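Following the working numbering, the numbering of the sequence shown begins with 3 at its first residue and continues without gaps.
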Amino acid sequence: MFEAFGEADPDEVAAWTDRWLARRGRTLYLWDDDRVVSMTGVGGPTPNGIRIGPVYTPPAVRGRGYASALVAAVSQAELDAGRRFCFLFTDLANPTSNHIYQAIGYEPVRDVDAYGFERP
């Protein structure tokens, strides 16, 4: 849980997860037999595009192309549905995801800084 959310209150993470999953059609899962091997979501629609993410693959099954296949399929489905573009955010410090997204066809557009604030 730390990997996806950093240091967070477990109750807040559970509540966020419940809210996310309640939004039908926003989260897609890739199954291999009886287990989920990757997931992604869509959200943040604009008049012409939509954000792909979050994207997650459990560490035990990484490196098998699951996230690549899922992100490519979801992106293509959104384009086929009439979106002019899809966009996503990635961590510049993660060369694996950067390589994968560019191999799928995504191109870097802009750097964005993220800031965190401590609770009082």
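Beta carbons: idealized from backbone N, C-alpha and C, even for Gly.
Quantities reported herein were computed from a predicted structural model and do not represent experimental measurements.
Which first and last residues belong to the beta strand (DSSP E) in which residue i is found?
i          : result
residue 35 : That residue, residue 35, is in no beta strand (DSSP E); it is neither H nor E in DSSP.
Quick check: what's the CA-CA separation for residue i versus residue j?
i           : j           : result
residue 75  : residue 33  : 14 angstroms
residue 73  : residue 65  : 14 angstroms
residue 46  : residue 36  : 30 angstroms
residue 3   : residue 93  : Any reading at residue 3 needs caution, since the residue's pLDDT is 40, under 50, leaving its predicted position unreliable; the model's value is listed next. Roughly 18 angstroms between the two C-alpha positions.
residue 5   : residue 111 : Reliability fails at residue 5, whose pLDDT of 49 lies under 50, so the model's placement of it is uncertain and no value is given.
residue 52  : residue 59  : 21 angstroms
residue 7   : residue 80  : Residue confidence is low: residue 7 scores 48 on pLDDT, short of 50, so the model does not pin down where it sits. Its coordinate-derived value is still stated next. Going by the C-alpha atoms only, they are around 27 angstroms apart.
residue 82  : residue 88  : 11 angstroms
residue 1   : residue 95  : In the structure as shown, the chain starts at 3 and stops at 122, and residue 1 therefore has no counterpart that could be examined.
residue 115 : residue 122 : 22 angstroms
residue 42  : residue 117 : 23 angstroms
residue 97  : residue 113 : 15 angstroms
residue 17  : residue 108 : 32 angstroms
residue 99  : residue 48  : 24 angstroms
residue 71  : residue 44  : 15 angstroms
Do residue i and residue j have their C-beta atoms closer together than 8 angstroms?
i          : j          : result
residue 90 : residue 55 : yes
residue 50 : residue 85 : yes
If contacts are defined as beta-carbon pairs under 8 angstroms, then residue i and residue j qualify, I think. What distance do you get, rounded to the angstrom?
i           : j          : result
residue 106 : residue 77 : 7 angstroms
residue 63  : residue 39 : 5 angstroms
Practice item. Only counting runs of 3 or more residues, tell me where the beta strand (DSSP E) segments fall wholly within the stretch 45 to 118, in order along the chain. Key: 51 to 58, 87 to 89
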